[in-house]
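Remarks on the structure that follows.
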Amino acid sequence: MMFGLYLTKDVPFKVVHIHARVTDKFGAKMSKSKANVIDPLVLINQYGADALRLALVLGVAPASDIAISEEKVRGMRNFTNKVWNIGRFILISLEGKDVPWFKPDLDGLTALDLEIIKKLDTLIESTTKDLDRFYLGQAADNLYQFVWHEFADKYVESAKARIQSGDLVVLAVLRHVYLNSLKLLHPFI
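Okay, so the sequence shown: first residue is 318 according to my numbering, each after it adds one.
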(Lines of atoms letter the chains of each structure in order from A; the text may use other names.)
(Lines give C-alpha, C1' and ligand atoms only; values in the text may rest on other atoms or scores of the structure.)
Protein backbone atom coordinates (compact mmCIF):
# COMPACT_ATOMS: atom_id res chain seq x y z
CA MET A 318 0.00 0.00 0.00
CA MET A 319 2.73 2.45 1.01
CA PHE A 320 4.94 1.55 -1.93
CA GLY A 321 2.00 2.01 -4.31
CA LEU A 322 1.36 5.45 -2.85
CA TYR A 323 5.04 6.32 -3.15
CA LEU A 324 5.34 5.22 -6.79
CA THR A 325 2.01 6.35 -8.22
CA LYS A 326 0.87 9.05 -5.81
CA ASP A 327 -2.47 7.22 -5.84
CA VAL A 328 -4.13 4.77 -3.46
CA PRO A 329 -3.63 1.36 -5.15
CA PHE A 330 -6.37 -0.42 -3.16
CA LYS A 331 -9.60 0.80 -1.63
CA VAL A 332 -9.73 -2.05 0.89
CA VAL A 333 -6.87 -4.00 2.46
CA HIS A 334 -7.44 -7.07 4.59
CA ILE A 335 -4.56 -7.98 6.87
CA HIS A 336 -4.83 -11.43 8.40
CA ALA A 337 -3.50 -12.42 11.79
CA ARG A 338 -0.37 -14.47 12.36
CA VAL A 339 -0.21 -18.12 11.41
CA THR A 340 0.57 -20.46 14.31
CA ASP A 341 1.12 -24.18 14.75
CA LYS A 342 -1.70 -26.42 15.96
CA PHE A 343 -0.81 -25.64 19.59
CA GLY A 344 -1.05 -21.86 19.06
CA ALA A 345 2.71 -21.29 19.19
CA LYS A 346 4.29 -18.82 16.78
CA MET A 347 6.08 -20.68 14.02
CA SER A 348 9.84 -20.37 14.09
CA LYS A 349 12.80 -22.30 12.74
CA SER A 350 14.37 -22.51 16.21
CA LYS A 351 11.25 -24.25 17.54
CA ALA A 352 11.23 -26.52 14.49
CA ASN A 353 7.48 -26.06 14.12
CA VAL A 354 7.45 -24.39 10.70
CA ILE A 355 5.28 -26.05 8.09
CA ASP A 356 6.48 -25.75 4.50
CA PRO A 357 3.46 -24.80 2.39
CA LEU A 358 5.02 -26.29 -0.75
CA VAL A 359 5.25 -29.69 0.93
CA LEU A 360 1.59 -29.47 1.98
CA ILE A 361 0.56 -28.42 -1.52
CA ASN A 362 2.42 -31.37 -3.04
CA GLN A 363 0.82 -33.76 -0.56
CA TYR A 364 -2.73 -32.42 -0.28
CA GLY A 365 -3.21 -29.77 -2.98
CA ALA A 366 -3.34 -26.00 -3.03
CA ASP A 367 -7.12 -25.90 -2.51
CA ALA A 368 -6.83 -27.88 0.71
CA LEU A 369 -4.15 -25.54 2.03
CA ARG A 370 -6.11 -22.42 1.06
CA LEU A 371 -9.24 -23.67 2.79
CA ALA A 372 -7.28 -24.76 5.87
CA LEU A 373 -5.91 -21.23 6.21
CA VAL A 374 -9.42 -19.76 6.26
CA LEU A 375 -11.86 -22.29 7.72
CA GLY A 376 -12.72 -21.71 11.36
CA VAL A 377 -10.67 -18.54 11.72
CA ALA A 378 -12.46 -15.77 13.59
CA PRO A 379 -11.73 -12.15 12.67
CA ALA A 380 -8.51 -10.85 14.28
CA SER A 381 -7.60 -14.24 15.72
CA ASP A 382 -4.53 -16.35 15.02
CA ILE A 383 -4.67 -18.85 12.18
CA ALA A 384 -3.72 -22.27 13.51
CA ILE A 385 -2.47 -24.62 10.81
CA SER A 386 -1.49 -28.26 10.96
CA GLU A 387 -1.05 -31.14 8.58
CA GLU A 388 -4.17 -32.74 10.08
CA LYS A 389 -6.26 -29.66 9.24
CA VAL A 390 -4.95 -29.57 5.68
CA ARG A 391 -5.63 -33.30 5.31
CA GLY A 392 -9.21 -32.71 6.49
CA MET A 393 -9.66 -29.99 3.89
CA ARG A 394 -8.25 -32.32 1.23
CA ASN A 395 -10.96 -34.80 2.24
CA PHE A 396 -13.54 -32.04 1.82
CA THR A 397 -12.28 -31.03 -1.62
CA ASN A 398 -12.36 -34.72 -2.60
CA LYS A 399 -15.97 -34.84 -1.41
CA VAL A 400 -16.81 -31.84 -3.62
CA TRP A 401 -15.09 -33.54 -6.57
CA ASN A 402 -16.93 -36.82 -5.98
CA ILE A 403 -20.31 -35.07 -5.79
CA GLY A 404 -19.56 -33.49 -9.15
CA ARG A 405 -18.56 -36.81 -10.69
CA PHE A 406 -21.73 -38.44 -9.35
CA ILE A 407 -23.90 -35.69 -10.83
CA LEU A 408 -22.11 -35.80 -14.20
CA ILE A 409 -22.50 -39.57 -14.43
CA SER A 410 -26.17 -39.29 -13.43
CA LEU A 411 -26.82 -36.59 -16.05
CA GLU A 412 -25.17 -38.54 -18.86
CA GLY A 413 -27.51 -39.15 -21.79
CA LYS A 414 -30.47 -37.45 -20.12
CA ASP A 415 -32.29 -34.29 -21.20
CA VAL A 416 -32.51 -32.66 -17.77
CA PRO A 417 -34.33 -29.34 -17.48
CA TRP A 418 -32.56 -26.42 -15.84
CA PHE A 419 -33.82 -25.67 -12.37
CA LYS A 420 -36.40 -22.95 -11.87
CA PRO A 421 -38.46 -22.34 -8.73
CA ASP A 422 -41.74 -23.34 -10.41
CA LEU A 423 -40.42 -26.60 -11.88
CA ASP A 424 -43.12 -29.29 -11.81
CA GLY A 425 -42.40 -32.26 -9.56
CA LEU A 426 -40.39 -30.55 -6.81
CA THR A 427 -40.65 -32.43 -3.52
CA ALA A 428 -40.49 -31.09 0.03
CA LEU A 429 -36.83 -32.19 0.19
CA ASP A 430 -36.08 -30.32 -3.03
CA LEU A 431 -37.67 -27.15 -1.70
CA GLU A 432 -35.85 -27.52 1.61
CA ILE A 433 -32.38 -27.82 0.05
CA ILE A 434 -33.12 -24.88 -2.28
CA LYS A 435 -34.24 -22.77 0.70
CA LYS A 436 -31.05 -23.69 2.58
CA LEU A 437 -28.97 -22.82 -0.49
CA ASP A 438 -30.69 -19.42 -0.80
CA THR A 439 -30.03 -18.73 2.88
CA LEU A 440 -26.39 -19.77 2.41
CA ILE A 441 -25.97 -17.45 -0.58
CA GLU A 442 -27.28 -14.55 1.47
CA SER A 443 -25.15 -15.32 4.54
CA THR A 444 -22.00 -15.91 2.46
CA THR A 445 -22.44 -12.57 0.72
CA LYS A 446 -22.84 -10.79 4.06
CA ASP A 447 -19.87 -12.63 5.59
CA LEU A 448 -17.61 -11.80 2.65
CA ASP A 449 -18.68 -8.16 2.72
CA ARG A 450 -17.73 -8.00 6.43
CA PHE A 451 -14.51 -10.03 5.91
CA TYR A 452 -15.80 -12.88 8.10
CA LEU A 453 -13.97 -15.27 5.82
CA GLY A 454 -13.68 -18.07 8.37
CA GLN A 455 -17.40 -17.99 9.11
CA ALA A 456 -18.30 -17.98 5.43
CA ALA A 457 -16.00 -20.94 4.75
CA ASP A 458 -17.33 -22.86 7.76
CA ASN A 459 -20.95 -22.35 6.68
CA LEU A 460 -20.09 -23.57 3.18
CA TYR A 461 -18.27 -26.60 4.56
CA GLN A 462 -21.21 -27.52 6.79
CA PHE A 463 -23.74 -27.08 4.01
CA VAL A 464 -21.87 -28.94 1.28
CA TRP A 465 -20.74 -31.86 3.40
CA HIS A 466 -23.62 -32.35 5.80
CA GLU A 467 -26.73 -30.86 4.22
CA PHE A 468 -26.03 -31.48 0.56
CA ALA A 469 -23.77 -34.56 0.40
CA ASP A 470 -24.83 -36.51 3.48
CA LYS A 471 -28.55 -35.81 3.30
CA TYR A 472 -29.76 -34.60 -0.08
CA VAL A 473 -27.43 -36.46 -2.44
CA GLU A 474 -27.95 -39.70 -0.52
CA SER A 475 -31.74 -39.30 -0.56
CA ALA A 476 -31.65 -38.44 -4.28
CA LYS A 477 -30.08 -41.74 -5.33
CA ALA A 478 -33.35 -43.70 -5.23
CA ARG A 479 -35.13 -40.98 -7.23
CA ILE A 480 -32.35 -41.02 -9.83
CA GLN A 481 -32.69 -44.80 -10.15
CA SER A 482 -36.41 -44.36 -10.79
CA GLY A 483 -35.72 -41.92 -13.65
CA ASP A 484 -36.70 -38.70 -11.85
CA LEU A 485 -35.22 -35.79 -13.83
CA VAL A 486 -36.36 -33.10 -11.38
CA VAL A 487 -33.96 -34.32 -8.71
CA LEU A 488 -31.12 -34.09 -11.23
CA ALA A 489 -32.09 -30.49 -12.02
CA VAL A 490 -31.98 -29.67 -8.31
CA LEU A 491 -28.68 -31.51 -7.79
CA ARG A 492 -27.05 -29.65 -10.65
CA HIS A 493 -28.42 -26.29 -9.47
CA VAL A 494 -27.26 -26.72 -5.88
CA TYR A 495 -23.88 -28.08 -6.92
CA LEU A 496 -23.09 -25.33 -9.43
CA ASN A 497 -24.10 -22.63 -6.96
CA SER A 498 -22.06 -24.30 -4.22
CA LEU A 499 -19.01 -24.19 -6.51
CA LYS A 500 -19.56 -20.48 -7.09
CA LEU A 501 -19.75 -19.90 -3.34
CA LEU A 502 -16.64 -21.99 -2.70
CA HIS A 503 -14.65 -20.24 -5.43
CA PRO A 504 -13.10 -17.53 -3.20
CA PHE A 505 -11.72 -20.26 -0.94
CA ILE A 506 -10.82 -23.19 -3.19
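Glycine included, each C-beta is placed from N, C-alpha and C at the ideal position.
Taking 7 Å as the cut-off, decide whether the C-beta atoms of residue i and residue j are in contact.
{"i": "A448", "j": "L502", "result": "It is worth fixing the name first, because residue 448 is Leu in this sequence and not Ala. Taking 7 Å as the Cβ cut-off, L448 and L502 do not qualify as a contacting pair."}
{"i": "M347", "j": "A368", "result": "no"}
{"i": "I383", "j": "L371", "result": "no"}
{"i": "V416", "j": "L496", "result": "no"}
{"i": "A428", "j": "T444", "result": "no"}
{"i": "V390", "j": "L360", "result": "yes"}
{"i": "S410", "j": "I480", "result": "yes"}
DSSP beta-bridge partners for residue i?
{"i": "I335", "result": "The partner list for I335 (beta bridge, DSSP) is empty, contrary to what the question assumes."}
{"i": "A384", "result": "T340"}
{"i": "K446", "result": "K446 is not bridged to any residue."}
{"i": "K346", "result": "T340"}
Can you give me the C-alpha to C-alpha distance between residue i and residue j, rounded to a whole angstrom?
{"i": "I441", "j": "S498", "result": "9 Å"}
{"i": "F463", "j": "K326", "result": "45 Å"}
{"i": "D405", "j": "D424", "result": "According to the sequence as given, residue 405 is Arg; it is not Asp. So the alpha carbons of these two residues sit roughly 26 Å apart."}
{"i": "A469", "j": "V333", "result": "35 Å"}
{"i": "R492", "j": "V473", "result": "11 Å"}
{"i": "L375", "j": "Y452", "result": "10 Å"}
{"i": "T397", "j": "G483", "result": "29 Å"}
{"i": "K477", "j": "K471", "result": "11 Å"}
{"i": "K500", "j": "V494", "result": "10 Å"}
Sort the options by Cα distance to residue i and report the nearest one.
{"i": "K512", "options": "L324, I409, I434, A469", "result": "A question about residue 512 goes unanswered here, because the residues of the chain that appear run from 318 up to 506."}
{"i": "A380", "options": "N398, I480, H336, F505", "result": "H336"}
{"i": "V377", "options": "W465, G483, D458", "result": "D458"}
{"i": "L426", "options": "K500, L488, N395", "result": "L488"}
{"i": "G454", "options": "N395, F505, P357, D356", "result": "F505"}
My understanding is that residue i touches residue j, with C-beta atoms under 8 Å, so please give their C-beta distance in whole angstroms.
{"i": "V354", "j": "D430", "result": "Incorrect: roughly 48 Å between the Cβ atoms, too far for contact."}
{"i": "F330", "j": "M318", "result": "6 Å"}
{"i": "E467", "j": "K436", "result": "6 Å"}
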